[in-house]
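>
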Ligand code: EPS
């Protein structure tokens with residue numbers, strides 16, 4: 024499976040093409056729209072979200088809601104269209120880069136003095152395309168009871184220590200949250216932190232935890248470093264704008280722990296088969312899923328655009344000036360969580376197809392059942 028996205032933040036539309044998606048999978052557009060809606064929500068989002076009402080238009084690859092095996096194309100039309108591929112727009116030149124955005128490194132790389140030509144594609148709006156693709160993958164994975172959820176662990180200095188037990192618990196709890204949180208007490212503090220930062224014309228990042236449940240043992244491989252499931256998940260999650268670190272299971276805390284207390288000991292029972300009583304590995308050992316829930320954490324840096332702008336230098340005059348102030352979010356942690364779930368869905372689906380084939384859902388189900396039966400006989 025291969026996914027290509029296209030589109031500019033203020034261009035006519037965003038799009039995703041999914042090639043190599045199995046035939047015979049039922050895809051509900053409503054499911055994609057719900058994910059798009061979730062991506063637009065959360066305390067701390069900017070005024071752009073009040074303009075847009077993102078909806079998916081599936082324009083190829085499906086017949087009567089069922090995938091044909093041909094490339095699936097999904098469009099999300101922008102309402103705030105300012106740049107055109109054919110007609111001339113009248114947008115002013117932007118020449119003072121924002122620290123932490125792609126503005127400066129992008130302008131230097133592409134020998135560009137108008138930063139608009141950089142930021143239009145570098146904008147996090149592109150993630151709407153990825154959510155469309157991920158929401159299609161999520162629907163495939165549900166055929167195998169593989170389900171994904173996420174929650175906000177922290178925003179700025181407010182960190183929650185509430186630990187969930189299942190994906191369904193996370194899903195239920197985040198439904199009533201404005202910040203994709205499972206900890207109502209800490210959520211209140213997170214919201215006040217965002218409001219305070221907003222008044223101070225500053226921005227915030229945060230920490231997100233992602234859970235993938237139902238992955239059978241044996242997805243991913245140590246045979247090739249690129250096939251390792253943890254490596255693939257880290258790659259896809261790091262590809263989200265503003266994400267600066269990814270942890271699997273105990274993550275950085277492994278560096279401080281002893282092997283004797285951090286490794287997940289192995290048990291066996293007739294009913295459960297092989298199992299563990301802890302999951303510090305985050306459900307992945309040797310680059311392969313263990314069958315335990317996959318648990319990942321990502322850290323998002325604060326949004327680059329500040330209404331109280333930082334020091335910068337004019338690309339044309341080379342004189343010191345304050346960075347450009349664009350309309351932006353104060354904190355997009357809840358949106359980032361939805362994007363992360365969907366990027367994780369793409370990653371695990373690719374590895375799942377590597378093991379079970381990719382032409383038709385029924386063939387994949389047959390291969391999956393045969394594999395599960397073999398495991399039972401171990
Ligand atoms: C975003 C749309 C953008 C930003 C935001 C994410 O719209 P606009 O630039 O018109 O306000 O709100 O992007 C960034 C914060 C960024 O730094 O790129 C979206 O749809 O998610």
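Numbering (my numbering), first residue to last: 24 to 401. The C-beta atom is built at its ideal place from N, Cα and C for all residues, glycine as well.
Return yes when the Cβ of residue 63 is within less than 8 angstroms of the Cβ of residue 77, no when it is not.
Against the chain shown, residue 77 aligns to sequence position 54. Against the chain shown, residue 63 aligns to sequence position 40. Yes, they are a contact pair.
> Find the nearest neighbour of residue 368 within the set 274, 153 and 299, judged by alpha-carbon distance.
What you label residue 368 is simply residue 345 of the chain shown in a count that begins at 1. The shortest C-alpha separation from residue 368 is found at 153.
> Helix or strand or just coil, what does DSSP make of residue 278?
Taking the chain shown and counting its residues from 1, one reaches residue 278 at position 255. DSSP places residue 278 in helix when its eight states are reduced to three.
> How many angstroms separate the CA atom of residue 37 from the CA atom of residue 129?
For this step, residue 37 is matched to residue 14 along the chain shown. For this step, residue 129 is matched to residue 106 along the chain shown. Answer to the nearest angstrom: the Cα atoms are 20 angstroms apart.
> Is residue 28 near the ligand MN, with its Cβ less than 7 angstroms from a heavy atom?
This structure does not include the ligand MN; its bound ligands are the ligand EPS.
> Report the residue ranges of all beta strand (DSSP E) runs contained in full by the segment 296-357; include only those spanning at least 3 residues, in chain order.
If we require 3 residues or more, the beta strand (DSSP E) runs fully inside the segment 296-357 come out as 296-299, 317-323, 334-336 and 343-345.
> Could you name the residues that DSSP lists as bridge partners for residue 170?
Here residue 170 is taken as the residue at index 147 of the chain shown, counted from 1. Residue 170 pairs with 236.
> Closest by CA to residue 286, which one among 295, 292 and 300?
Residue numbering aside, residue 286 sits at position 263 when the chain shown is read from its first letter. Nearest C-alpha to residue 286: 300.
> Take residue 46 as the anchor and find which of 94, 277 and 339 has the nearest alpha-carbon.
What you label residue 46 is simply residue 23 of the chain shown in a count that begins at 1. If we check each option's Cα against that of residue 46, 94 comes out closest.
> Of all the alpha helix (DSSP H) runs that stay within the bounds of the segment 164-209, which reach a length of 4 or more residues?
Counting whole runs of 4 or more residues, the segment 164-209 contains the alpha helix (DSSP H) stretches 190-198.
> Please confirm whether residue 80 and residue 59 have their CB atoms less than 8 angstroms apart.
To locate residue 80, count along the chain shown from 1; it is residue 57. To locate residue 59, count along the chain shown from 1; it is residue 36. Their beta carbons are not under 8 angstroms apart, which means residue 80 does not touch residue 59 by this criterion.
> So what's residue 294 in DSSP terms, helix, strand or just coil?
The count along the chain shown starts at 1 and reaches residue 294 at position 271. Of the three classes helix, strand and coil, the one that applies to residue 294 here is coil, per DSSP.
> Measure the alpha-carbon distance for residue 51 versus residue 57 and round it to whole angstroms.
Position 28 of the chain shown, counted from the start, is the residue given in the question as residue 51. Position 34 of the chain shown, counted from the start, is the residue given in the question as residue 57. Cα to Cα, residue 51 sits roughly 10 angstroms from residue 57.
> Say the cut is 7 angstroms; is the CB of residue 402 nearer than that to a heavy atom of the ligand EPS?
The displayed coordinates of the chain run from 24 to 401. Any statement about residue 402 would go beyond what the structure contains.
> Please determine, among 123, 86 and 108, the residue with the shortest C-alpha to C-alpha distance to residue 227.
Taking the chain shown and counting its residues from 1, the one referred to as residue 227 is at position 204. The shortest Cα separation from residue 227 among 123, 86 and 108 belongs to 123.
> I want to see whether chain B comes within less than 8 angstroms of residue 159, judged by CB atoms only; does it?
In the structure shown, chain B cannot be found, because there is only a single protein chain.
> Out of curiosity, what's the CA-to-CA distance linking residue 380 and residue 240?
Stepping through the chain shown from its first residue, residue 380 is reached at position 357. Stepping through the chain shown from its first residue, residue 240 is reached at position 217. Each residue's Cα considered, the two are about 16 angstroms apart.
> Counting along the chain, where does the alpha helix (DSSP H) carrying residue 127 start and finish?
If you number the chain shown from 1, residue 127 lands on position 104. Its alpha helix (DSSP H) spans residues 126-132.
> Please determine, among 174, 351, 159 and 151, the residue with the shortest C-alpha to C-alpha distance to residue 71.
Mapped onto the chain shown, residue 71 falls at position 48. Residue 351 is the option with its Cα nearest to residue 71.
> DSSP puts residue 38 in a beta bridge; with which residues?
As a position in the chain shown, residue 38 is number 15, starting the count at 1. According to DSSP, residue 38 bridges with 29 and 98.
> Taking residue 104 and residue 157 to be in contact with their CB atoms under 8 angstroms, please state how far apart those CB atoms are, rounded to whole angstroms.
Mapped onto the chain shown, residue 104 falls at position 81. Mapped onto the chain shown, residue 157 falls at position 134. 24 angstroms between Cβ atoms; not a contact.
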